[in-house]
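Novice:
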Amino acid sequence: MTAVLALDIGGTKLAAGLVDRAGRARSFLVEPTPAAAGPGPVLERLFALGRKAVADSGADWADVAAVGIGCGGPLDVERGVVLAPPHLPGWLDVPVTELAERAFDRPAALDNDGTAAADAEFRFGAGVGTRHMVYLTLSTGVGGGAVLDGRIYRGATGNGAELGHVVVDRRGRACRGCGGRGCLEAYVSGTSIAARARESLDAGSSLAGLDTLTAADVAEHAAAGDPLAARVWRQTTDALGSGLTSIVNMLEPELIVLGGGVTRAGEALLGPAREAVRAAAMTPGGRTVRVERAALGDRVGVVGAAAVAQRSLIGIGVA
Numbered sequence: 007m008t009a010v011l012a013l014d015i016g017g018t019k020l021a022a023g024l025v026d027r028a029g030r031a032r033s034f035l036v037e038p039t040p041a042a043a044g045p046g047p048v049l050e051r052l053f054a055l056g057r058k059a060v061a062d063s064g065a066d067w068a069d070v071a072a073v074g075i076g077c078g079g080p081l082d083v084e085r086g087v088v089l090a091p092p093h094l095p096g097w098l099d100v101p102v103t104e105l106a107e108r109a110f111d112r113p114a115a116l117d118n119d120g121t122a123a124a125d126a127e128f129r130f131g132a133g134v135g136t137r138h139m140v141y142l143t144l145s146t147g148v149g150g151g152a153v154l155d156g157r158i159y160r161g162a163t164g165n166g167a168e169l170g171h172v173v174v175d176r177r178g179r180a181c182r183g184c185g186g187r188g189c190l191e192a193y194v195s196g197t198s199i200a201a202r203a204r205e206s207l208d209a210g211s212s213l214a215g216l217d218t219l220t221a222a223d224v225a226e227h228a229a230a231g232d233p234l235a236a237r238v239w240r241q242t243t244d245a246l247g248s249g250l251t252s253i254v255n256m257l258e259p260e261l262i263v264l265g266g267g268v269t270r271a272g273e274a275l276l277g278p279a280r281e282a283v284r285a286a287a288m289t290p291g292g293r294t295v296r297v298e299r300a301a302l303g304d305r306v307g308v309v310g311a312a313a314v315a316q317r318s319l320i321g322i323g324v325a
């Protein structure tokens, strides 16, 4: 078995797994990200999680050919350096690839987590059999990636397809991720959904009695008929539909895959998004594009991180 140790660095969670060449995660572990501690303690925790993932898989270290790492950008992919991601305060020019190679005595490769997840869904998940696919992860923030004519799209400096920063309202909410206004991320990330609900909260809402408030709570209470939650959820699906319409008009993919924790709402999220695209996107793309939930679920991050190393270090899946 030629396996990859896959590491996923998120703003709220770290994940690790051992992934085989068919994209199967032989182990999968998740821990909270101690983001406030800075890059040193976070990477120490991540590397320890990686060692445990190999042990839990039952594989021998001799089976581990490389290390793949996914992280939100901006990145310098060629050098393996995390430049200054907004979801990881204090991470400035961190040589993650070099540190991973030192920790595991294996070659390592780094890529944007959205791009990596897009590759994973394209090769092993919902996108199998397509040539033109877009992936969006709706989580703490909104990341993305695109596969065009069977190839990963990277852009001029390797940081392309930041689809979470498609503008849906240029005078809208401030985006914590990029500092701009009206980005898709400012409306459909789990963080922003919860924040908008808190800003509108009144004593008459069923949300008012909750100790904490999450996007999942908003979706659940909207489905149960709470007017405030329903209004926030409708704003969310409207923004998502608007963003996806622009993406379809620009790229005309066969398939849009949505992943991340917000998609646990299922058809309450995907249904209105599909309807908006069919109603507003230019034809024929708007009529033919499919909008589906990610097939790899919570493991898409580690499978994507493995796909990074498979392509760049092992030569598996190179188009």
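Sequential numbering from 7 applies to the sequence shown in the numbering used here.
Every residue, glycine too, gets a C-beta built ideally from N, C-alpha and C.
(1) Taking all protein chains shown into account, decide if residue 134 is buried (16 or more other Cβ within 10 angstroms of its Cβ) or exposed.
(2) Check whether the Cβ atoms of residue 188 and residue 172 lie closer than 7 Å to each other.
(3) For the beta strand (DSSP E) containing residue 15, name the first residue and the last one.
(4) Quick check: the Cα distance between residue 301 and residue 89, rounded to an integer number of angstroms?
(5) Does the Cβ of residue 289 have 16 or more other Cβ atoms within 10 Å, making it buried, or fewer, making it exposed?
(6) Could you give the distance in angstroms between the alpha-carbon of residue 147 and the alpha-carbon of residue 131?
(7) Which ranges does the beta strand (DSSP E) cover as unbroken runs of at least 3 residues, wholly within the segment 36-114, from first to last along the chain?
(8) Grab the span of the beta strand (DSSP E) containing residue 261 for me, first residue to last.
(9) Going by Cα to Cα distance, which pick from 72, 145 and 201 is closest to residue 318?
(10) Looking only at its chain, what residues have a beta carbon closer than 7 Å to the beta carbon of residue 242, apart from the 5 residues adjacent to it on each side?
(11) Assuming residue 76 contacts residue 249 (C-beta within less than 8 Å), just tell me the rounded distance between them.
(12) Measure the alpha-carbon distance for residue 38 versus residue 19 and round it to whole angstroms.
(13) Can you round the beta-carbon distance between residue 137 and residue 150 to whole angstroms, since I take them to be within the 8 Å contact cut?
(14) Name the two residues that bound the continuous alpha helix (DSSP H) containing residue 121.
(15) Do residue 52 and residue 13 count as a contact pair if the criterion is CB distance below 7 Å?
(16) Grab me the residues of residue 28's own chain with a C-beta within less than 8 Å of its C-beta, minus the 5 sequence neighbours each way, in chain order.
(17) Where residue 328 and residue 159 are concerned, what is the direct C-alpha to C-alpha distance, given to the nearest angstrom?
(18) Under 7 Å between the Cβ atoms of residue 268 and residue 221?
(19) Are residue 285 and residue 126 close, meaning C-beta to C-beta below 7 Å?
(20) How should residue 239 be labelled, buried or exposed, when 16 other C-beta atoms within 10 angstroms of its C-beta is the threshold for buried?
(21) Who are the Cβ neighbours of residue 232 in its own chain at under 8 Å, not counting the five residues just before and after it?
(22) Would you tell me roughly how many angstroms separate the C-alpha atoms of residue 42 and residue 93, rounded to the nearest one?
(23) Is the beta carbon of residue 128 closer than 7 Å to that of residue 305?
(24) Indicate the three-state DSSP secondary structure (helix, strand or coil) for residue 288 in the structure shown.
(25) For residue 309 and residue 209, what's the separation of their Cα atoms in angstroms?
(26) When DSSP labels each residue in this structure, what does residue 210 get in the three-state scheme?
(27) Taking just the CA atoms, how far does residue 91 sit from residue 98?
Specialist: On the basis of the data shown:
(1) Residue 134 should be labelled exposed.
(2) no
(3) 9-15
(4) 30 Å
(5) exposed
(6) 22 Å
(7) 70-77
(8) 261-265
(9) When each option's Cα is compared against that of residue 318, the closest is 72.
(10) 193, 194 and 199
(11) Between residue 76 and residue 249, the beta carbon gap of about 22 Å keeps them out of contact (Cβ cut-off 8 Å).
(12) For residue 38 and residue 19, the distance between alpha carbons rounds to 4 Å.
(13) Incorrect: roughly 18 Å between the Cβ atoms, too far for contact.
(14) 119-130
(15) Closer than 7 Å, so yes.
(16) 130
(17) Residue 328 lies beyond the range of the chain shown here (7 to 325); nothing can be said about it.
(18) yes
(19) In this structure, residue 285 keeps its C-beta atom at 7 Å or more from the C-beta atom of residue 126.
(20) buried
(21) Here the set comprises 211, 212 and 213.
(22) 10 Å
(23) no
(24) coil
(25) Each residue's CA atom was taken as its position, placing residue 309 and residue 209 some 43 Å apart.
(26) coil
(27) 8 Å
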